[in-house]
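>
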Amino acid sequence: MLIDNISVVIMAKNTEETITECLDSLVRFKEVILYLNDSVDDTEKIAKNYDNVKIVHGEFIGFGPTKNKAATYSSNDWILSLDSDEILNDNLIDEILSQDLSNHNNLFVLHRDNYFLGHKTLSRDYIVRVYNRKRNIFDDSLVHEKVQVHEYNKKIVLKNSFKHLNITDINQTLYKTIKYTDLGAEGKKTCFFSIVIAKAFFAFFQTYVLRFYFLNGWVGFTIAITNANRRFYKYLKQFLNCQKK
202 MLIDNISVVI MAKNTEETIT ECLDSLVRFK EVILYLNDSV DDTEKIAKNY
252 DNVKIVHGEF IGFGPTKNKA ATYSSNDWIL SLDSDEILND NLIDEILSQD
302 LSNHNNLFVL HRDNYFLGHK TLSRDYIVRV YNRKRNIFDD SLVHEKVQVH
352 EYNKKIVLKN SFKHLNITDI NQTLYKTIKY TDLGAEGKKT CFFSIVIAKA
402 FFAFFQTYVL RFYFLNGWVG FTIAITNANR RFYKYLKQFL NCQKK
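Each residue of the sequence shown is one higher than the last, beginning at 202 in the working numbering.
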């Protein structure tokens, strides 16, 4: 029997490399909303092979606002929010189904395992991904968006994890650096270049040392360098914004 009381909502753009594995893991859900924004690869063509997928076209207005807009197309108030490079498993789906959905104030926190070029990393995220849209929405953040948590909410942490194919091609690190640093610098400024340098150095130290990524060998070092670059360019762009002012 198909799951008909929770709608899966996915925002995607040019994700042909991961969308098949993602949608394969969601065949138990009656409704999957795939919100496409300016996708020009085979993502839509692949998605049309799934009877439970409803394709919606719309513009990208920042991660938080776009995810909220995508959720409006679902027929259910209970939303399971996923990215197109995230893959569920039956154990997690069964655990979600066993939860109490009669209390609309409940929020369900999922454990995400991150993968870099096929290697599982030490990064372990715990994020709210199942919520009732009548009681909660994503915040307005353009990047690093989160479901808003209110004092009346009860957060329930689930035991089973899901898979996140964060980076499948090394060039994605460059694309994501450009995209995320543009969003992270929009409307912001940093007027001291010393802050730019300090932020980048700390990002490397935090990732490689404090988070023990040195235990991941070359993968951990590469991720630490990538995080440092993202932090550097984010604050460099904010510094350039200050120079323009």
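Heads up, the beta-carbon is just placed ideally off N, CA and C, and yes, glycines get one too. Note that this is a predicted model, so its numbers are computed, not measured.
#1: Kindly indicate which residue of Leu359, Phe394, Lys438 has the alpha-carbon position closest to the one of Gly388.
#2: Beta-carbon within less than 6 Å of Val420's beta-carbon, same chain only, minus the 5 sequence neighbours each way: which residues are those?
#3: May I ask you to report which of helix, strand or coil DSSP gives Ser395?
#4: For the alpha helix (DSSP H) containing Leu289, name the first residue and the last one.
#5: Taking 7 Å as the limit between beta carbons, can you name the residues of its chain near Ile328, skipping five residues before and five after?
#6: If you reduce the DSSP assignment to three classes, tell me which class Thr382 lands in.
#7: So, is Phe393 buried or exposed, given that buried needs 16 or more other C-beta atoms within 10 angstroms?
#8: Only counting the same chain, and skipping five residues up and downstream in sequence, which positions put a Cβ closer than 6 Å to that of Glu428?
#9: The beta strand (DSSP E) that contains Phe230, what's its start and end?
#10: Does DSSP put Phe317 in a helix, a strand or coil?
#11: Taking the C-alpha atoms as reference points, what is the distance between Ser362 and Phe264?
#12: Ile371: which of His345, Thr423, Lys355, Ile357 sits nearest, CA to CA?
#13: Name the one or two DSSP bridge partners that Ala213 has.
#14: Determine contact between the region 274-288 and the region 350-357, defined as no fewer than three beta-carbon pairs at a distance below 8 Å.
#15: Name the residue from Ala425, Glu346, Thr216, Tyr414 whose alpha carbon lies nearest to the alpha carbon of Ala401.
#16: Kindly provide the ranges of any beta strand (DSSP E) runs that are 3 or more residues long and lie completely inside the region 240-309, ordered along the chain.
#17: Can you find at least 3 beta carbon pairs, one from the region 289-299 and one from the region 375-387, that sit closer than 8 Å?
#18: Residues in its own chain within less than 8 Å of Asp278 by CB, not counting five upstream and five downstream?
#19: Given a cut-off of 8 Å on the beta-carbon distance, is the pair Leu235 and Ile262 in contact?
#20: Using the rule of at least 16 other Cβ atoms within 10 Å of the residue's Cβ for burial, across every protein chain shown, is Ala248 buried or exposed?
Considering the structure as presented:
#1: Your numbering for residue 388 matches position 187 in the sequence shown. For the residues Leu359, Phe394, Lys438, the minimum Cα distance to Gly388 belongs to Lys438.
#2: Reading the sequence shown from its first residue, position 219 is the one you call residue 420. Phe317, His320, listed in sequence order.
#3: Along the sequence shown, read from residue 1 onward, the residue named residue 395 stands at position 194. Of the three classes helix, strand and coil, the one that applies to Ser395 here is helix, per DSSP.
#4: Numbered from its first residue, the sequence shown carries residue 289 at position 88. Looking at the DSSP string, Leu289 is not in any alpha helix (DSSP H), and its letter there is neither H nor E.
#5: Within the sequence shown, residue 328 is the residue found at index 127, counting from 1. Contacts found: Val310, Leu311, Arg313.
#6: Taking the sequence shown and counting its residues from 1, the one referred to as residue 382 is at position 181. Of the three classes helix, strand and coil, the one that applies to Thr382 here is helix, per DSSP.
#7: Along the sequence shown, read from residue 1 onward, the residue named residue 393 stands at position 192. By the neighbour-count rule (16 or more Cβ atoms within 10 Å), Phe393 is not buried but exposed.
#8: Start at 1 with the first residue of the sequence shown, and residue 428 comes out as number 227. The displayed chain sequence assigns Asn, not Glu, to residue 428. Cβ within range, chain order: Ala404, Thr408.
#9: Mapped onto the sequence shown, residue 230 falls at position 29. Phe230 -> no beta strand (DSSP E), and no H or E assigned at all.
#10: By 1-based counting over the sequence shown, the position of residue 317 is 116. Note: Phe317 maps to strand in three-state DSSP.
#11: As a position in the sequence shown, residue 362 is number 161, starting the count at 1. As a position in the sequence shown, residue 264 is number 63, starting the count at 1. C-alpha separation (whole angstroms): 23 Å.
#12: For the purposes of this step, residue 371 is taken as residue 170 along the sequence shown, with counting starting at 1. That would be Thr423, whose Cα lies nearest to the Cα of Ile371.
#13: Numbered from 1 along the sequence shown, position 12 holds the residue referred to as residue 213. The partner list for Ala213 (beta bridge, DSSP) reads Leu237.
#14: no
#15: On the sequence shown, position 200 is the one that residue 401 refers to. Among Ala425, Glu346, Thr216, Tyr414, the Cα nearest to that of Ala401 belongs to Ala425.
#16: 254-258, 279-284
#17: no
#18: Within the sequence shown, the letter at position 77 stands for residue 278. The residues are His305, Asn333, Arg334, Lys335.
#19: Along the sequence shown, one-based indexing puts residue 235 at 34. Along the sequence shown, one-based indexing puts residue 262 at 61. No, Cβ-Cβ distance for Leu235 and Ile262 is not below 8 Å.
#20: On the sequence shown, residue 248 is found 47 positions in, with the first residue counted as 1. Ala248 is buried by the Cβ-count criterion.
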